[in-house]
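*Asks:* Got a structure here, written out as structure tokens. Questions coming.
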Amino acid sequence: MSAKEHDFTDMASIEAADKSPMDHAREILAAAVAGDVGAPFADSALDVLRSLKEANLADWMRVRAGLKGAKVSITELDRAMRTSGEESGPDGVADALIELARSRAEFIHDPDGEPYAVIHDGNVRQTLHIGSKAFGEWLSFAHYRDTDRAPSENAVKTALSTLAGQAKFDGAEKAVFLRVATTEPGTYWLDLADDAWRSVRIDRHGWAIVQGGDAPLFTRSASMRPLPEPAPGGDLSALWELVNIPEVDRVTVAAFLVECLRPDTAYPVLLMFGGQGTGKSCTHSMLRNLFDPNQVNLRAAPKTVEDMWVAARSSHTVSYENLSHLTPAQQDALCTVATGGGVATRTLFTTCDETVIQVKRPVMLNGIAAVITAQDLIDRAILVELPTVTHRRTGGAIEEAFKAEHPRIVGALLDLFVSALAVLPSVDIPAERLPRMADFTLLGEAVARVLGKQPGEFLAAYTAMRVESVHRTIEASPVGAALVAMLEARPHGFDGTVKDLMHTLGDYRPTGEAWPMSAKGMGDALRRLATSMRLIGIDIKDRGRSKQGYCVRIARLPAETVKAIPVATPATEEF
Numbered sequence: 007m008s009a010k011e012h013d014f015t016d017m018a019s020i021e022a023a024d025k026s027p028m029d030h031a032r033e034i035l036a037a038a039v040a041g042d043v044g045a046p047f048a049d050s051a052l053d054v055l056r057s058l059k060e061a062n063l064a065d066w067m068r069v070r071a072g073l074k075g076a077k078v079s080i081t082e083l084d085r086a087m088r089t090s091g092e093e094s095g096p097d098g099v100a101d102a103l104i105e106l107a108r109s110r111a112e113f114i115h116d117p118d119g120e121p122y123a124v125i126h127d128g129n130v131r132q133t134l135h136i137g138s139k140a141f142g143e144w145l146s147f148a149h150y151r152d153t154d155r156a157p158s159e160n161a162v163k164t165a166l167s168t169l170a171g172q173a174k175f176d177g178a179e180k181a182v183f184l185r186v187a188t189t190e191p192g193t194y195w196l197d198l199a200d201d202a203w204r205s206v207r208i209d210r211h212g213w214a215i216v217q218g219g220d221a222p223l224f225t226r227s228a229s230m231r232p233l234p235e236p237a238p239g240g241d242l243s244a245l246w247e248l249v250n251i252p253e254v255d256r257v258t259v260a261a262f263l264v265e266c267l268r269p270d271t272a273y274p275v276l277l278m279f280g281g282q283g284t285g286k287s288c289t290h291s292m293l294r295n296l297f298d299p300n301q302v303n304l305r306a307a308p309k310t311v312e313d314m315w316v317a318a319r320s321s322h323t324v325s326y327e328n329l330s331h332l333t334p335a336q337q338d339a340l341c342t343v344a345t346g347g348g349v350a351t352r353t354l355f356t357t358c359d360e361t362v363i364q365v366k367r368p369v370m371l372n373g374i375a376a377v378i379t380a381q382d383l384i385d386r387a388i389l390v391e392l393p394t395v396t397h398r399r400t401g402g403a404i405e406e407a408f409k410a411e412h413p414r415i416v417g418a419l420l421d422l423f424v425s426a427l428a429v430l431p432s433v434d435i436p437a438e439r440l441p442r443m444a445d446f447t448l449l450g451e452a453v454a455r456v457l458g459k460q461p462g463e464f465l466a467a468y469t470a471m472r473v474e475s476v477h478r479t480i481e482a483s484p485v486g487a488a489l490v491a492m493l494e495a496r497p498h499g500f501d502g503t504v505k506d507l508m509h510t511l512g513d514y515r516p517t518g519e520a521w522p523m524s525a526k527g528m529g530d531a532l533r534r535l536a537t538s539m540r541l542i543g544i545d546i547k548d549r550g551r552s553k554q555g556y557c558v559r560i561a562r563l564p565a566e567t568v569k570a571i572p573v574a575t576p577a578t579e580e581f
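For the numbering used here, count along the sequence shown from 1 and bump the result up by 6.
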């Protein structure tokens, strides 16, 4: 029997023959046994075999076994019988998922090699990390919507792995941002994180809401929450009616909020502290809601430094509340997070792979006490002591009031940012007067002028705050506390080797505190303290190396010198 005689091309004629699917299947099997192994692959034959499989699975399995015995390629036959909406095993469904994704998304990678899918759905443009839960759910649902069948977990896993490879090796390299972005000097973007994937473009001329187009690519974590659509004509005075920020610190806090919108500069660390009843949590949460609302605005203290880095990767703001203590390692990590840096560790379940997290994030903290004790973190910190609340409102009333004013306050913050960007080029502070957070100081001075303050007023207030911060935390450093006590007892100071200094300071060492065990350890402690101690009028000066060892001079500075000392961070000294 020839292939042509067994080419079932007219399904209607087969149905008219008044034969069952099994009868037609036997004819197909007979043709295959006779040597025509191509007969089962004719279009009409495939329709017959599909009908048999749906009507009587037992009969289909018998025919299938017979076709296998006739040396028909069952693997190819199974593949040919699949329909686009049929669950056909991980390989077939994975192929369908890949084709579906390619038809609806562009695959790219960022400068760090992270793979992303840029999905265009009408006017909405989404950017999802291929390894994220959100992209896996989008892909699974898109398949279900097209086929009315859910793909298997293995099929989705296979498809995601393939698409990630395509994005990394075939996709274009494009920058992808989280919450804030800058595309050119002086132009900034804020992701509203809403369902329409809109963002706000900000420069010194104004701000505008943009959807798609020239907007940068923003991605989102599962915990991010949307900002309300900003409303023009707002006033920050509505914010100060709701949060418990002292009037003297409001310009500094406003400058912090504006700085959080600039990803191209180092971020400050905001620490709000005060006793019970000062509204720390409520104030903290509302301030964060102005630029980076999150499912968990206030997080408990991290158990490990690694937890801190993971949280920083998934959120624009590192935010912890009710802190009672920060370890030296955690404070070092916060310094790196705020000014930009990264951490690398071995990837789980691998031997050679390394996972790298590199971020730069604003930091917000609160607690009863000023928990920052490391002097290098103090140099980056804004410490705000909250007063006790005397006129209380219920939490529900405050929440409703904030919800009503939220769009206008966000608009007011954007207006302040625009005006500060316009003023910023005219702000001129001598380099020797700039503190460590130079970019923040310049922006803060611009913000202060927009808010009606005199030139230099912000710098004076910020410097005074830094001096007060050193006084608050000096007791947390045993060497610093011993130096202060020594100079009170010995107004003439000290001039000698670091080794001799260790012996002299032993008389003033705080009880039970950790203490350097060597001259090198003492030198390291002096190096960390030098800048902060100078702010409070204590000069630690390297005298160079002698035959006896490194020498140091420690003395109080004259009052007139303290007023005129540069606040810039000096070069690292050796002891």
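All C-beta atoms, glycine included, are put in the ideal place defined by N, C-alpha and C.
Since we're looking at a predicted model, the values are computed, not measured.
Quick one: measure Cβ to Cβ for P234 and H477, integer angstroms, because I've assumed they're closer than 8 Å.
*Replies:* Working through the sequence shown from its first residue, we reach residue 234 at position 228. Working through the sequence shown from its first residue, we reach residue 477 at position 471. P234 to H477, Cβ: 40 Å. No contact.
*Asks:* Taking the Cβ atom as the reference point for each residue, do A178 and I114 lie within a distance shorter than 7 Å?
*Replies:* Stepping through the sequence shown from its first residue, residue 178 is reached at position 172. Stepping through the sequence shown from its first residue, residue 114 is reached at position 108. Contact flag set, yes.
*Asks:* How is the alpha helix (DSSP H) around P413 delimited, first residue to last?
*Replies:* Taking the first residue of the sequence shown as position 1, residue 413 is located at position 407. Looking at the DSSP string, the run of the alpha helix (DSSP H) that includes P413 is 401-429.
*Asks:* Using 7 Å as the threshold, is the C-beta distance between L263 and P232 below it?
*Replies:* Position 257 of the sequence shown, counted from the start, is the residue given in the question as residue 263. Position 226 of the sequence shown, counted from the start, is the residue given in the question as residue 232. Taking 7 Å as the Cβ cut-off, L263 and P232 do not qualify as a contacting pair.
*Asks:* If distances are taken between C-alpha atoms only, which option among A181, F175, I208 comes closest to P191?
*Replies:* Position 185 of the sequence shown, counted from the first residue, corresponds to residue 191. Nearest option by C-alpha distance: I208.
*Asks:* I'd like to check one pair, L332 with V377: are the Cβ atoms closer than 7 Å?
*Replies:* As a working note, residue 377 is residue 371 in the sequence shown. As a working note, residue 332 is residue 326 in the sequence shown. Yes, the Cβ-Cβ distance between V377 and L332 is below 7 Å.
*Asks:* In the DSSP output, which residue or residues are listed as bridge partners for A376?
*Replies:* Your numbering for residue 376 matches position 370 in the sequence shown. DSSP, once it has assigned bridges, lists no residue as partnering A376.
*Asks:* Among A318, Y150, D118, Q132, which has the Cα closest to the Cα of V365?
*Replies:* One-based indexing of the sequence shown puts residue 365 at position 359. Among A318, Y150, D118, Q132, the Cα nearest to that of V365 is on A318.
*Asks:* Within 10 Å of its beta-carbon, does L63 have 16 or more other beta-carbons around it, so buried, or fewer, so exposed?
*Replies:* The count along the sequence shown starts at 1 and reaches residue 63 at position 57. Per the 10 Å Cβ criterion, exposed.
*Asks:* List the whole-angstrom C-beta distance separating L58 from A31, where the pair is believed to meet the contact cut-off of C-beta under 8 Å.
*Replies:* As a working mapping, residue 58 is identified with position 52 in the sequence shown. As a working mapping, residue 31 is identified with position 25 in the sequence shown. Confirmed, about 5 Å.
*Asks:* Please classify D385 as buried or exposed, where buried requires at least 16 neighbouring CB atoms within 10 angstroms.
*Replies:* Taking the first residue of the sequence shown as 1, we reach residue 385 at position 379. Classification for D385: buried.
*Asks:* Thinking C-alpha only, which one of H149, D545, T81 is nearest L103?
*Replies:* Counted from its first residue, the sequence shown places residue 103 at position 97. Checked all of H149, D545, T81; the closest Cα to L103 is H149.
*Asks:* Checking 7 Å against the spacing of the C-beta atoms, do L169 and I136 come in under that value?
*Replies:* As a position in the sequence shown, residue 169 is number 163, starting the count at 1. As a position in the sequence shown, residue 136 is number 130, starting the count at 1. Yes, these two residues count as a Cβ contact at 7 Å.
*Asks:* To the nearest angstrom, how far is the alpha carbon of G462 from that of M471?
*Replies:* Here residue 462 is taken as the residue at index 456 of the sequence shown, counted from 1. Here residue 471 is taken as the residue at index 465 of the sequence shown, counted from 1. Roughly 14 Å separates the two Cα atoms.
*Asks:* Going by the beta-carbon positions, is the gap between V182 and T153 smaller than 7 Å?
*Replies:* Sequence index remark: in the sequence shown, residue 182 carries index 176 (1-based). Sequence index remark: in the sequence shown, residue 153 carries index 147 (1-based). Not in contact: V182 and T153 (Cβ atoms no closer than 7 Å).
*Asks:* Check for me: the alpha helix (DSSP H) holding T1 runs from which residue to which?
*Replies:* Only positions 7 to 581 of the chain appear in this structure, which leaves residue 1 out of reach.
*Asks:* Any idea if K286 is buried or exposed, counting beta-carbon neighbours within 10 angstroms, 16 or more meaning buried?
*Replies:* The sequence position of residue 286 within the sequence shown is 280, counting from 1. Result: buried.
*Asks:* Taking DSSP's pairing of strands, which residues face C557 in a bridge?
*Replies:* Residue mapping note: residue 557 aligns to position 551 of the sequence shown, counting from 1. The partner list for C557 (beta bridge, DSSP) reads T503, G550.
*Asks:* To the nearest angstrom, report how far apart A487 and P393 are at their CA atoms.
*Replies:* Numbered from 1 along the sequence shown, position 481 holds the residue referred to as residue 487. Numbered from 1 along the sequence shown, position 387 holds the residue referred to as residue 393. One C-alpha to the other measures close to 27 Å.
*Asks:* Where does Q364 sit, in a helix, a strand or coil, going by DSSP?
*Replies:* Locating residue 364 in the sequence shown gives position 358, where the first residue counts as 1. Note: Q364 maps to strand in three-state DSSP.
*Asks:* Find out if the Cβ-Cβ distance for the pair A344, V369 is shorter than 7 Å.
*Replies:* Here residue 344 is taken as the residue at index 338 of the sequence shown, counted from 1. Here residue 369 is taken as the residue at index 363 of the sequence shown, counted from 1. Yes, they are a contact pair.
*Asks:* In terms of DSSP beta bridges, what is H149 paired with?
*Replies:* Counting from 1 along the sequence shown, the entry for residue 149 is found at position 143. Partner(s): none; H149 has no beta bridge.
*Asks:* Our contact map puts L465 next to E451 with C-beta atoms below 8 Å; I'd like the distance itself, whole angstroms only.
*Replies:* On the sequence shown, residue 465 is found 459 positions in, with the first residue counted as 1. On the sequence shown, residue 451 is found 445 positions in, with the first residue counted as 1. At roughly 6 Å, the Cβ-Cβ gap stays under 8 Å, so L465 and E451 are in contact.
*Asks:* Roughly how many angstroms lie between the CA atoms of S90 and H126, to the nearest whole one?
*Replies:* Within the sequence shown, numbered from 1, the residue matching residue 90 stands at position 84. Within the sequence shown, numbered from 1, the residue matching residue 126 stands at position 120. Note that S90 scores 48 on pLDDT, short of 50, meaning its location in the model is unreliable; the coordinates nonetheless yield the value given after this. One C-alpha to the other measures close to 23 Å.
*Asks:* Taking 8 Å as the cut-off, does the segment 243-254 touch the segment 281-297 (at least 3 CB pairs, one atom from each stretch)?
*Replies:* Result yes; three or more Cβ-Cβ pairs closer than 8 Å.
*Asks:* Starting from M278, trace the beta strand (DSSP E) both ways and give me its first and last residue.
*Replies:* Within the sequence shown, the letter at position 272 stands for residue 278. Counting along the chain, the beta strand (DSSP E) containing M278 begins and ends at 275-279.
*Asks:* Kindly indicate which three-state DSSP category E580 falls into: helix, strand or coil?
*Replies:* Numbered from 1 along the sequence shown, position 574 holds the residue referred to as residue 580. With a pLDDT of 46 at E580, under the threshold of 50, the modelled position of that residue is not reliable, and the figure given next carries that caveat. Coil at E580, not helix or strand.
*Asks:* Can you check which of these residues, M443, V504, M528, R455, is closest to P484 by C-alpha distance?
*Replies:* Here residue 484 is taken as the residue at index 478 of the sequence shown, counted from 1. The shortest Cα separation from P484 among M443, V504, M528, R455 belongs to M528.
*Asks:* Quick check: V624 and S138, are their CB atoms within less than 7 Å of each other?
*Replies:* An answer regarding residue 624 cannot be provided, because it is not within the stretch 7 to 581 covered by the chain.
*Asks:* Using a Cβ-Cβ cutoff of less than 7 Å, which residues in the same chain neighbour V78 once the five nearest sequence positions on both sides are dropped?
*Replies:* Taking the sequence shown and counting its residues from 1, one reaches residue 78 at position 72. For V78, where only same-chain residues beyond five positions count, the Cβ hits under 7 Å are A38, V43, P46.
*Asks:* What does the alpha-carbon distance come out to for the pair G373 and S330?
*Replies:* Locating residue 373 in the sequence shown gives position 367, where the first residue counts as 1. Locating residue 330 in the sequence shown gives position 324, where the first residue counts as 1. The alpha-carbon atoms of G373 and S330 are separated by roughly 6 Å.
*Asks:* Determine the burial state of A437: buried for a count of at least 16 other Cβ atoms within 10 Å of its Cβ, exposed for fewer.
*Replies:* Translated into positions along the sequence shown, residue 437 becomes position 431. Looking at its Cβ environment, which holds fewer than 16 other Cβ atoms inside 10 Å, A437 is exposed.
*Asks:* Could you check the C-alpha separation between T342 and P299 for me, to the nearest Å?
*Replies:* For the purposes of this step, residue 342 is taken as the residue at position 336 of the sequence shown. For the purposes of this step, residue 299 is taken as the residue at position 293 of the sequence shown. Straight-line Cα distance between these residues: approximately 23 Å.
*Asks:* The alpha helix (DSSP H) spanning G450 covers which residue range?
*Replies:* Mapped onto the sequence shown, residue 450 falls at position 444. 444-456 is the span of the alpha helix (DSSP H), which, as asked, contains G450.
*Asks:* Going by DSSP, name the residue or residues bridged to S320.
*Replies:* Your numbering for residue 320 matches position 314 in the sequence shown. In the DSSP output, where bridge partners are listed per residue, S320 has none listed.
*Asks:* Taking F113 as part of the beta strand (DSSP E), name the residues at either end of that continuous run.
*Replies:* Position 107 of the sequence shown holds residue 113. Where F113 is concerned, the enclosing beta strand (DSSP E) stretches over 111-115.
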